[in-house]
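Student:
Number of protein chains: 4
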Amino acid sequence: MDLKNKISEAAEQVLLTNGLAKTTTKEIARAAGCSEGSLYNHFRNKEDIFLHVLRGQLKHLMGTLSSLPNLVGKEPVLKNLEQVSLAALGDFSNSMSLICSIFSEPDILLRHREGFTTRNEGPHRANEAVEAYLLKEKQYGRIPEEMDPRAAADLLLGSCFQHAFQLNFLGKVETKEEQTDFVSRVLKTLFPVEST
Amino acid sequence: MDLKNKISEAAEQVLLTNGLAKTTTKEIARAAGCSEGSLYNHFRNKEDIFLHVLRGQLKHLMGTLSSLPNLVGKEPVLKNLEQVSLAALGDFSNSMSLICSIFSEPDILLRHREGFTTRNEGPHRANEAVEAYLLKEKQYGRIPEEMDPRAAADLLLGSCFQHAFQLNFLGKVETKEEQTDFVSRVLKTLFPVEST
Amino acid sequence: MDLKNKISEAAEQVLLTNGLAKTTTKEIARAAGCSEGSLYNHFRNKEDIFLHVLRGQLKHLMGTLSSLPNLVGKEPVLKNLEQVSLAALGDFSNSMSLICSIFSEPDILLRHREGFTTRNEGPHRANEAVEAYLLKEKQYGRIPEEMDPRAAADLLLGSCFQHAFQLNFLGKVETKEEQTDFVSRVLKTLFPVEST
Amino acid sequence: MDLKNKISEAAEQVLLTNGLAKTTTKEIARAAGCSEGSLYNHFRNKEDIFLHVLRGQLKHLMGTLSSLPNLVGKEPVLKNLEQVSLAALGDFSNSMSLICSIFSEPDILLRHREGFTTRNEGPHRANEAVEAYLLKEKQYGRIPEEMDPRAAADLLLGSCFQHAFQLNFLGKVETKEEQTDFVSRVLKTLFPVEST
DNA sequence: CATGAATGAGACTTCATTCAT
DNA sequence: TATGAATGAAGTCTCATTCAT
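Protein chains in written order, with UniProt numbering: chain A, 1 to 196; chain B, 1 to 196; chain C, 1 to 196; chain D, 1 to 196.
(1) Out of curiosity, what's the CA-to-CA distance linking C:G63 and C:A29?
(2) Please specify which runs of the alpha helix (DSSP H), each continuous and at least 4 residues long, are wholly inside the segment 61-105 of chain A, giving them in chain order.
(3) May I have the straight-line CA-CA distance separating C:F169 from C:G56, to the nearest angstrom?
(4) Kindly say whether C:S159, judged by its beta-carbon, lies nearer than 8 Å to any beta-carbon of chain D.
(5) May I have the straight-line CA-CA distance separating B:F18 from B:K26, to the nearest angstrom?
(6) If you measure beta-carbon to beta-carbon, which residues of the segment 38-49 of chain A are closer than 7 Å to chain B?
(7) Does A:K22 have its Cβ less than 8 Å from a Cβ in chain B?
(8) For a test of the three-state rule: what should DSSP assign to residue 202 of chain C, helix, strand or coil?
(9) Would you say the segment 102-109 of chain D touches the segment 70-79 of chain D, given that touching needs at least three Cβ pairs under 8 Å?
(10) Tell me, please, whether the segment 186-195 of chain D touches the segment 149-157 of chain C by the rule of three or more beta-carbon pairs shorter than 8 Å.
(11) Please report whether the beta-carbon of D:A11 lies at a distance below 8 Å from any beta-carbon of chain C.
(12) Run down chain A in chain order and give the residues with a C-beta less than 7 Å from the C-beta of B:Q166.
(13) Are there 16 or more other CB atoms within 10 angstroms of the CB of B:Y140, so buried, or fewer, so exposed?
(14) Within 10 Å of its beta-carbon, does A:L109 have 16 or more other beta-carbons around it, so buried, or fewer, so exposed?
(15) Can you name the residues of chain C whose CB is closer than 8 Å to the CB of D:T189?
(16) So C:L68 and C:Q179 are in contact, right, with Cβ under 8 Å, and what is the actual spacing, rounded?
(17) Here's the rule: buried if 16 or more other CB atoms are within 10 angstroms of the residue's CB, otherwise exposed. What is B:E131?
(18) For a cutoff of 8 Å on Cβ pairs, would you count D:S95 as touching chain C?
(19) Any residues in the segment 102-121 of chain D with a beta carbon nearer than 7 Å to a beta carbon of chain C? Which ones, in chain order?
(20) Measure how close the beta-carbons of B:L98 and B:L54 come, nearest whole angstrom, since I'm counting them as under 8 Å.
(21) Buried or exposed: which applies to A:V14, given that a residue is buried once 16 or more other Cβ atoms fall within 10 Å of its Cβ?
(22) Using 8 Å as the threshold, is the C-beta distance between C:I7 and C:L58 below it?
(23) Is there a C-beta anywhere in chain B that falls below 8 Å from the one on A:H163?
(24) Pull up the CB-CB distance for C:L155 and D:L20, whole angstroms please, since I reckon it's below 8 Å.
(25) Mapping the DSSP letters down to three states, classify B:N168 as helix, strand or coil.
(26) Would you report the Cα separation of C:K46 and B:N45, rounded to the nearest angstrom?
(27) B:Q162 and A:F43: beta carbons closer than 8 Å?
(28) What would DSSP say about A:R113, mapped onto helix, strand or coil?
(29) Nearest to D:H124 by alpha carbon, out of C:C34, C:E177 and C:K172?
(30) With the cut-off set at 8 Å, would you say A:L51 and A:G115 are in Cβ contact?
(31) In chain B, which residues lie less than 8 Å from A:N18 when you measure between Cβ atoms?
(32) Which residue wins for smallest C-alpha separation from C:L167, given the options C:E9, C:S95, C:G37 and C:T117?
(33) At the level of alpha carbons, what is the spacing between B:A126 and A:C34?
(34) Does any CB atom of chain D fall closer than 8 Å to the CB of C:R142?
(35) Is any beta-carbon of chain D found at less than 8 Å from that of C:L170?
(36) At least one CB of chain B closer than 8 Å to the CB of A:R30: is that the case?
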């Protein structure tokens, strides 16, 4: 692995351990096994490292979402949504503290925003992807005609998002079973049995 | 107003404007119209000021939630939930950047956690309050027997929470109408007409 | 007891406990049971308090020394010198950290010096007093003709002084017996039996 | 000379000039010709600098003492003791204010104590060294059988110590002749001519 | 004479970034 | 490209002293 990636991974680990405020270039260099000066041979500055790490978050979820269009009309809707929800819950849980940290630095948030706007990315894409999926399933008649796809997507991902937030906030970690249980209860409530 | 409150309000304003990372004691003092030294006559340190401001967040939502038990069986369920949702959306929007900032300082988060654990508070209380409300309404027969109160609460508040998060993240501000529209779509999806 | 004395005693206690560097007006006021402002109704400033406390040191030794002239030719010389030595050892031990602290503030030392020069006092007076005593005893023929009174005084008090210093430095406290033993060995060496 | 030594020497000079209480990092940096930040590339903190300087004190005396065992039985006892006494007087005079300053910061004294305890050093070692020397000379029959080596060492070094203390306290500086005179009188009194 | 909040100067320390090697 | 000592700006916090009550 090249040094740039090593730095990036080291930074991610330090950020998750110490928090953005207590993440110093000295610590990143130590974790990456290189000198502080080396950081600047691969990144413009500390913010650049942070943004690089930030852009690498939610990878699992994004992958799942991009494979969603191929599942339309195939696997059971609820099964597909469960996959998405679990991916969301997992990725949100892992990335929450990193993503939230950006609110402590509005300047960086601004630049980050410009970045993902340019690349047509952003956290709201997830909701749009689920909405698009539901819309297509409706055309297939696999979900009720009267369902509002965007609202359903917001409810589903929103509950996962807040759940992940609260776990992080409370310092709790859930087992696989607890996660599945949460997702299943939420899905059952959003899509009562007779409806699909 | 005494200086302690003036400092607290000044700090809140500076925190919202500059973000936690760029909020300095010098700036807080300037905004409060006092000397830096004076901050320390009323707060132990900078963290103490931050936690004080933090504890003052979500006041509107908490007020709405505490009046919820009195509404059981009276106003239409959907109207009650709309009130709660709007309060949540508003308070989440206003407090999001402050609350999220704490993830950049795990040490502070830890202390904050201890604080609200002791006082039996915390952000998850909101979901519990809505859950309790729904449970009682179920006993009144005003919502379907098969509904899972906790899951419904998580879906509802979760969608508001994530929506507020994304607005802050994207730097957008919603009008009253947009907020009402969001809440109404979400509620309609969670409680399809025939169900209540 | 009036407040001025209460403050003075409180300051002495705080100085001995915390050291000069960590002795704050707030702490003195707390120990004296009054407000910080009150300190300034009785002393010009913090230095004034310190000098006041400093001047109160070595009281026991000074008392013993001033009674020394009356003992010339009466009690055995060694017994008189033992009294003086024990008083010196005791007072030096108790006052050492306070007196030494002044070296950390040359400005204060300067003012202190002016003070005791004016009042014709100072730590070197002790040696002079013992010297004067020995001189008189020599005239009485109670100590050898060839003895140098000043040198003898310097040896005796010097050893007590350094001993007290080292105890403080090493954080040790001696029992009455250990003190008496030290003094007796030193006196025996300085005044071998056949000499007196 | 590397920067660490430059800082150390600068600090010693500032400490001797301004006293511990008025020795600031800014002043040390100025005297060392570097930035304040640089201090922290070579020392953990200000206390670390102080302790480093402190440990460098009494070097001359310690050197003289370590060469003492080689002189047993060779040079005249009084000449050897004069060397030691002069070294002690000189080093004590130069280091007194620095060494005494530590009493103003009990916390630092504590740490310093731990340090030299670990390294089996400390100011009391000087007295032990002289005691050991005298003991050996006694075996050579060069000092009276009835002499108490420890007491003699304490008297000799104690008088030098207190003399140096008082000179510093009174703000006086002695010439070489005055020092030699003091030492010679003290030695003559402690070792009357016929005794050696 | 007593109070204690307010002050403001200044101390120590951290840290991202640079640059000569 | 890699290094790491040097930097200097900036931040948090302390504390003796004042003054209005």
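Even glycine gets a Cβ: it sits at the ideal position worked out from N, Cα and C.
Tutor: The structure says:
(1) 30 Å
(2) 77-101
(3) 22 Å
(4) yes
(5) According to the sequence shown, residue 18 of chain B is Asn rather than Phe. Distance between the alpha carbons of B:N18 and B:K26: 13 Å.
(6) none
(7) yes
(8) Nothing about residue 202 of chain C can be reported from this structure: the residues present for chain C run from 1 to 196 only.
(9) no
(10) yes
(11) no
(12) P123 and H124
(13) exposed
(14) buried
(15) M147, D148, A151, A152, L155 and L190
(16) About 19 Å separates the two Cβ atoms, so there is no contact after all.
(17) buried
(18) no
(19) F103, S104, E105, P106 and R113
(20) 6 Å
(21) buried
(22) no
(23) yes
(24) Going by Cβ atoms, the distance from C:L155 to D:L20 rounds to 30 Å, so no, they are not a contact pair.
(25) helix
(26) 26 Å
(27) no
(28) helix
(29) C:K172
(30) yes
(31) P106
(32) C:S95
(33) 46 Å
(34) no
(35) yes
(36) no
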